[in-house]
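Following the UniProt record's numbering, the numbering of the sequence shown begins with 1 at its first residue and continues without gaps. Reviewing the structure listed below.
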Amino acid sequence: MLSVRSPVTGAVVGLSEVPDPVFARGLVGPGAAVTPAHEPHDVVAPVEGVVVKLQPHAFVIADDEGRGVLVHLGIDTVRLDGAGFETLLDGAGRGQRVAAGTPLLRWNPADAWARGFATTVPVVALDAGEEAVTRAAVGEVTRGERLFQWA
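Next comes the structure, spelled out in structure tokens:
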């Protein structure tokens, strides 16, 4: 059982409530999402593992069993071309081993919101079946607290 932790503090929402059909329909996998406060956030790794991909608006961490967890900061924020995001890892980060809770990015959702982007943060168990995600948190969650379990 893998405990996937929240990368940011905020209100937990189901993926079906994310304003993007790819996430809302679970096309990349099941999970949960967090709507963060519109203030600066240090975004942390939700699991211990290796950085597979690190972009200004999203990253994937794979645990030792190869399970990838995607964190996407906002919706369509790739169109910001990195504006409003800061990488906190040295170098590209790819291939770097990180502990759960390691700060990876800095982001202020207020900046994205002011530019017309939704700020919901989907956290997805990549390529997992819907039944793999259990015990999703409800209500408010603090950065680093369990968001869901991956069976």
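From the three backbone atoms N, C-alpha and C, an ideal C-beta is built for every residue, glycine too. Quick caveat: nothing in here was measured; it's all calculated off a predicted structure.
Residues in its own chain within less than 7 angstroms of residue i by CB, not counting five upstream and five downstream?
i	result
Asp63	Leu2, Val47, Glu48 and Gly49
Trp113	His38 and Thr119
Ala110	His38 and Glu39
If you draw a straight line from the alpha carbon of residue i to that of residue j, how long is it in whole angstroms?
i	j	result
Arg106	Thr87	6 angstroms
Gly66	Pro40	31 angstroms
Gly95	Ile61	9 angstroms
Leu27	Asp90	32 angstroms
Glu140	Ala11	4 angstroms
Trp101	Ala45	The sequence shown places Gly at residue 101, rather than the Trp named in the question. Cα to Cα, Gly101 sits roughly 5 angstroms from Ala45.
Val98	Gly144	14 angstroms
Arg115	Asp42	20 angstroms
Gly82	Ile75	13 angstroms
Ala132	Phe85	31 angstroms
Leu80	Ala128	29 angstroms
Thr134	Leu104	25 angstroms
Could you give the first and the last residue of the continuous beta strand (DSSP E) run that contains residue i?
i	result
Phe23	Unbroken run through Phe23 is the alpha helix (DSSP H), Pro21 to Ala24; no beta strand (DSSP E).
Gln96	Where Gln96 is concerned, there is no enclosing beta strand (DSSP E), given that its DSSP letter is neither H nor E.
Gly31	Gly31 to Pro36
Gly14	Gly10 to Gly14
Thr87	Phe85 to Thr87
Taking C-beta to C-beta, are residue i and residue j nearer than 8 angstroms?
i	j	result
Val8	His72	no
Val4	Leu147	yes
Leu15	Pro30	yes
Gly93	Leu126	no
Val124	Val78	no
Tell me, which residues are paired with residue i by DSSP?
i	result
Leu70	Val60 and Val124
His41	Trp107
Ser3	Gln149
Leu54	Phe59
Which residues in the same chain have their Cβ closer than 6 angstroms to the Cβ of residue i, if we skip the five residues on either side of it in sequence?
i	result
Val18	Ala24, Ala33, Thr120 and Pro122
Ala58	His72
Ala136	Ala32 and Phe148
Under 7 angstroms from any heavy atom of the ligand FMN, does the C-beta of residue i make it?
i	result
Pro103	Among the components modelled here there is no ligand, and therefore nothing to report on the ligand FMN.
Can you find the residues in the same chain that come closer than 8 angstroms, C-beta to C-beta, to residue i, ignoring five residues on each side of it along the sequence?
i	result
Val13	Ala32, Ala33, Val34, Thr35 and Thr120
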